[in-house]
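In the working numbering, the protein residues as written are 141 to 583.
Okay, structure coming up:
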């Protein structure tokens with residue numbers, strides 16, 4: 141695959157300095173100091189803004205050589221799967237000194253020669269992925285080297301055209317980001333309502349004090365009791381019961397990754413791991429056309445609970461919005477007993493995220509932790525009457541529907557971006573009014 145319009149330039153000729161591997165520090169230096177980009181951030185944030193990260197203490201020499209700047213490109217130096225090696229992210233925002241770990245390669249574009257955003261989109265395109273594939277080394281894990289990375293020949297338009305292309309694609313990604321931020325606000329509203337009804341018991345307290353519960357009609361208010369009773373969990377609304385979180389739904393674990401016989405040719409259905417729960421189906425997602433049992437097949441609207449991984453970044457509950465797929469192990473497909481209990485079960489799991497994270501942290505080994513079925517059978521929650529959980533679903537379901545619509549729009553924009561990306565990068569498609577001055581130096 142080659143450019144129809146643009147000559148090629150080696151990556152090394154577009155950089156300010158030689159590429160650099162990240163820092164490795166013993167465990168005793170972790171937990172304080174500078175933020176550090178780990179593989180979780182690299183794979184979870186293609187455009188890396190100021191997000192929560194772990195910390196590591198650096199000495200003066202490391203601070204001088206290993207800090208990041210806005211516009212830096214970060215590449216996965218190695219990965220357990222070939223599709224992950226060479227994955228590229230770009231640093232978009234830094235609020236404080238930030239470094240990167242040893243499994244990551246940093247490339248720093250020269251702003252007089254190349255747009256960092258353009259190079260990021262190049263490596264996200266089929267052209268870029270093909271270039272990475274040619275330097276991939278298959279050992280115990282798939283990997284790339286810095287010297288091989290710098291030797292890649294890049295289809296290189298003039299800087300002005302690079303900037304135009306990157307600005308256009310960034311505008312699409314900014315809109316996608318805005319939709320996701322809106323969804324985060326909507327999820328916060330749903331969680332606040334859950335907390336009011338089922339944690340703080342505001343409607344019950346209001347009725348106990350002779351007041352009308354706020355934010356609901358009389359019919360809904362009538363569903364709540366007007367008194368509390370003692371229980372194992374303390375005072376709970378009268379008539380409600382304590383139940384293990386495991387009893388609220390049926391939990392189906394995904395299949396072992398190897399059982400899917402993964403392929404990189406996008407045959408069959410995508411295999412959903414924790415990375416896909418965070419970012420959706422991407423060019424790094426493996427597929428499977430193996431005839432697996434139906435219980436491992438998920439579809440849009442399914443509630444998924446990742447019970448194993450980094451306690452701070454991976455233990456969480458998600459709603460799948462990306463069509464039919466296969467479910468990998470370490471993730472539960474959560475099936476509420478009735479459709480009208482779905483919102484209550486979903487928000488209960490989301491509310492318990494800090495509890496799950498602490499449970500996982502207590503079993504943490506090599507950075508990973510897990511929540512067991514035994515944990516879920518011991519963990520009690522307050523379960524309301526059916527009428528109350530159904531009323532909650534009627535109230536919150538429209539919020540979930542809005543979240544789904546926003547996510548669908550984001551998917552449409554992402555599909556548009558991914559369709560235009562290779563054509564713009566290769567020069568097959570030109571943006572209106574693009575002025576093309578002298579080309580980059582040829583290889």
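Glycine included, C-beta positions come from ideal geometry on N, C-alpha and C.
If the criterion is Cβ atoms closer than 7 Å, does the pair residue i and residue j meet it?
i: residue 187; j: residue 230; result: yes
i: residue 290; j: residue 151; result: yes
i: residue 457; j: residue 490; result: yes
i: residue 242; j: residue 162; result: yes
i: residue 265; j: residue 565; result: yes
i: residue 424; j: residue 232; result: no
i: residue 462; j: residue 420; result: yes
i: residue 157; j: residue 248; result: yes
i: residue 411; j: residue 431; result: no
i: residue 429; j: residue 408; result: yes
i: residue 146; j: residue 297; result: yes
i: residue 294; j: residue 149; result: yes
i: residue 418; j: residue 184; result: yes
i: residue 319; j: residue 549; result: yes
i: residue 210; j: residue 234; result: yes
i: residue 207; j: residue 251; result: no
In three-state terms, what does DSSP make of residue i?
i: residue 271; result: helix
i: residue 373; result: coil
i: residue 505; result: strand
i: residue 173; result: strand
i: residue 180; result: helix
i: residue 216; result: strand
i: residue 292; result: coil
i: residue 576; result: Note on residue 576: pLDDT 42, under 50, position unreliable in the model; no value is reported.
i: residue 143; result: Low per-residue confidence applies at residue 143: pLDDT is 46, beneath 50, and the placement is therefore not dependable, though the value from the model is reported in the following sentence. Here residue 143 sits in coil by DSSP.
i: residue 475; result: strand
i: residue 231; result: strand
i: residue 510; result: strand
i: residue 195; result: strand
i: residue 155; result: strand
i: residue 240; result: strand
i: residue 568; result: coil
i: residue 350; result: coil
i: residue 563; result: helix
i: residue 224; result: coil
i: residue 254; result: coil
So who's on the other strand from residue i, going by DSSP bridges?
i: residue 278; result: 282
i: residue 149; result: 294
i: residue 310; result: Its beta-bridge partners do not exist; DSSP assigns none.
i: residue 523; result: 381
i: residue 247; result: 213
i: residue 161; result: 245
i: residue 187; result: 230
i: residue 364; result: DSSP lists no partner for residue 364.
Comparing the C-beta of residue i with each C-beta of chain C, is any distance below 7 Å?
i: residue 350; result: Absent from the structure is chain C; it holds one protein chain and no more.
Query raised in the report: For the segment 381 to 467, which segments carrying the beta strand (DSSP E) assignment without a break, of at least 3 residues, lie completely within its bounds, in sequence order?
Result: 381 to 384, 389 to 393, 409 to 412, 443 to 446, 456 to 459, 465 to 467
Query - Three or more C-beta pairs below 8 Å linking the segment 488 to 499 and the segment 448 to 455 - result: yes
Query raised in the report: Do the segment 557 to 569 and the segment 359 to 367 touch if we need at least three Cβ pairs shorter than 8 Å?
Result: no
Query raised in the report: Would you say the segment 519 to 532 touches the segment 438 to 449, given that touching needs at least three Cβ pairs under 8 Å?
Result: no
Query raised in the report: Would you call the segment 464 to 481 and the segment 390 to 405 touching, i.e. three or more CB-CB distances under 8 Å?
Result: yes
Query raised in the report: On the three-pair Cβ rule with 8 Å, is the segment 163 to 182 touching the segment 262 to 274?
Result: no
Query - the segment 301 to 319 touching the segment 244 to 263, judged by at least three CB pairs closer than 8 Å - result: yes
**Report entry** Inter-stretch contact at 8 Å, needing at least 3 Cβ pairs: the segment 517 to 528 / the segment 374 to 386
**Finding:** These segments touch.
Query raised in the report: Pairing CB atoms from the segment 542 to 553 with CB atoms from the segment 275 to 284, are three or more of them under 8 Å?
Result: no
Query raised in the report: Pairing CB atoms from the segment 205 to 218 with CB atoms from the segment 243 to 252, are three or more of them under 8 Å?
Result: At 8 Å Cβ cutoff, the stretches touch.
Query raised in the report: Do three or more CB pairs link the segment 362 to 372 to the segment 324 to 331 at distances below 8 Å?
Result: no
Query raised in the report: So does the segment 472 to 483 actually touch the segment 400 to 408, counting three or more Cβ pairs closer than 8 Å?
Result: no
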